[in-house]
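Participant: Sharing a structure here in C-alpha coordinates format.
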Amino acid sequence: MAVSKASLRGLRMNERLEKMREASKAQKTVRVAPANDAMRRLLKHPHAGGFPKEGGAEWPDDRFTKRRIADGDITREEDGHRDKTRSHRRHEDTSAA
(Lines of atoms letter the chains of each structure in order from A and count residues from 1; the text may use other names and numbers.)
(Lines give C-alpha, C1' and ligand atoms only; values in the text may rest on other atoms or scores of the structure.)
Protein backbone atom coordinates (compact mmCIF):
# COMPACT_ATOMS: atom_id res chain seq x y z
CA MET A 1 0.00 0.00 0.00
CA ALA A 2 1.28 3.43 -0.91
CA VAL A 3 1.09 6.40 1.44
CA SER A 4 0.31 9.74 -0.14
CA LYS A 5 2.39 12.83 0.57
CA ALA A 6 -0.77 14.68 1.59
CA SER A 7 -1.47 12.27 4.42
CA LEU A 8 2.12 12.57 5.63
CA ARG A 9 1.84 16.36 5.62
CA GLY A 10 -1.28 16.15 7.75
CA LEU A 11 0.44 13.78 10.14
CA ARG A 12 3.38 16.14 10.54
CA MET A 13 1.05 19.05 11.17
CA ASN A 14 -0.86 17.10 13.83
CA GLU A 15 2.40 16.14 15.51
CA ARG A 16 3.48 19.79 15.46
CA LEU A 17 0.16 20.90 16.96
CA GLU A 18 0.47 18.27 19.69
CA LYS A 19 3.96 19.52 20.58
CA MET A 20 2.66 23.08 20.73
CA ARG A 21 -0.15 22.00 23.08
CA GLU A 22 2.34 20.24 25.35
CA ALA A 23 4.59 23.31 25.40
CA SER A 24 1.72 25.63 26.30
CA LYS A 25 0.72 23.38 29.22
CA ALA A 26 4.23 23.63 30.66
CA GLN A 27 4.26 27.44 30.50
CA LYS A 28 5.96 29.17 33.44
CA THR A 29 3.65 30.95 35.83
CA VAL A 30 4.27 33.62 38.41
CA ARG A 31 2.29 34.49 41.52
CA VAL A 32 1.15 38.13 41.43
CA ALA A 33 -0.91 40.42 43.66
CA PRO A 34 -2.69 43.64 42.67
CA ALA A 35 -1.20 46.95 43.83
CA ASN A 36 -4.57 48.16 45.18
CA ASP A 37 -8.27 47.30 45.21
CA ALA A 38 -8.97 49.30 42.04
CA MET A 39 -6.44 47.16 40.14
CA ARG A 40 -8.00 44.04 41.68
CA ARG A 41 -11.36 45.00 40.15
CA LEU A 42 -10.08 46.26 36.80
CA LEU A 43 -7.20 44.01 35.77
CA LYS A 44 -7.84 40.67 34.12
CA HIS A 45 -5.25 38.56 32.34
CA PRO A 46 -6.42 37.59 28.83
CA HIS A 47 -5.87 33.87 29.53
CA ALA A 48 -5.72 33.48 33.31
CA GLY A 49 -8.57 35.80 34.30
CA GLY A 50 -8.86 38.23 37.19
CA PHE A 51 -7.96 38.24 40.86
CA PRO A 52 -9.94 36.62 43.69
CA LYS A 53 -11.50 38.84 46.37
CA GLU A 54 -8.42 38.36 48.57
CA GLY A 55 -4.82 37.39 47.83
CA GLY A 56 -2.99 36.97 44.57
CA ALA A 57 -3.33 34.83 41.47
CA GLU A 58 -1.19 32.61 39.25
CA TRP A 59 -0.60 34.29 35.90
CA PRO A 60 1.56 33.13 32.97
CA ASP A 61 4.99 34.74 32.94
CA ASP A 62 4.37 36.47 29.61
CA ARG A 63 4.66 39.94 28.09
CA PHE A 64 1.29 41.07 29.52
CA THR A 65 2.27 40.14 33.08
CA LYS A 66 5.76 41.63 32.81
CA ARG A 67 4.30 44.90 31.50
CA ARG A 68 1.83 45.14 34.42
CA ILE A 69 4.68 44.53 36.88
CA ALA A 70 6.79 47.22 35.19
CA ASP A 71 3.85 49.67 35.31
CA GLY A 72 3.37 48.97 39.03
CA ASP A 73 -0.20 47.73 38.59
CA ILE A 74 0.70 44.37 40.12
CA THR A 75 3.53 43.07 42.27
CA ARG A 76 5.30 39.74 42.10
CA GLU A 77 4.90 37.52 45.16
CA GLU A 78 8.31 35.90 45.56
CA ASP A 79 8.63 32.57 47.29
CA GLY A 80 11.58 31.86 49.56
CA HIS A 81 13.18 29.28 47.26
CA ARG A 82 13.71 31.74 44.41
CA ASP A 83 15.32 34.33 46.68
CA LYS A 84 17.80 31.78 48.01
CA THR A 85 18.85 30.74 44.50
CA ARG A 86 19.39 34.31 43.39
CA SER A 87 21.48 35.22 46.44
CA HIS A 88 23.50 32.02 45.96
CA ARG A 89 24.29 32.95 42.36
CA ARG A 90 25.42 36.41 43.43
CA HIS A 91 27.70 34.83 46.01
CA GLU A 92 29.26 32.58 43.36
CA ASP A 93 29.83 35.54 41.02
CA THR A 94 31.57 37.62 43.69
CA SER A 95 33.76 34.74 44.89
CA ALA A 96 34.95 34.02 41.33
CA ALA A 97 36.21 37.61 40.85
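Per the working numbering, the very first residue in the sequence shown carries number 5; after that it's consecutive. Note that the Cβ used here is the ideal one computed from N, Cα and C, for glycine as well.
Could you tell me the boundaries of the beta strand (DSSP E) in which residue 52 lies?
Facilitator: On the sequence shown, position 48 is the one that residue 52 refers to. Run containing residue 52: none; DSSP gives neither H nor E here.
Participant: Quickly, what does DSSP pair residue 39 with across the bridge? List them, please.
Facilitator: For this step, residue 39 is matched to residue 35 along the sequence shown. Per DSSP, none; premise fails for residue 39.
Participant: Please report how far the alpha carbon of residue 57 lies from the alpha carbon of residue 18, in whole angstroms.
Facilitator: The residue given as residue 57 occupies position 53 in the sequence shown. The residue given as residue 18 occupies position 14 in the sequence shown. Roughly 41 Å between the two C-alpha positions.
Participant: Keeping to the same chain, check which residues put their C-beta closer than 7 Å to that of residue 34; ignore five residues upstream and five downstream.
Facilitator: Residue mapping note: residue 34 aligns to position 30 of the sequence shown, counting from 1. The residues are 63, 65, 69 and 80.
Participant: Identify whether residue 27 lies in helix, strand or coil by the three-state DSSP scheme.
Facilitator: Along the sequence shown, read from residue 1 onward, the residue named residue 27 stands at position 23. The answer is helix: DSSP assigns residue 27 an H, G or I state.
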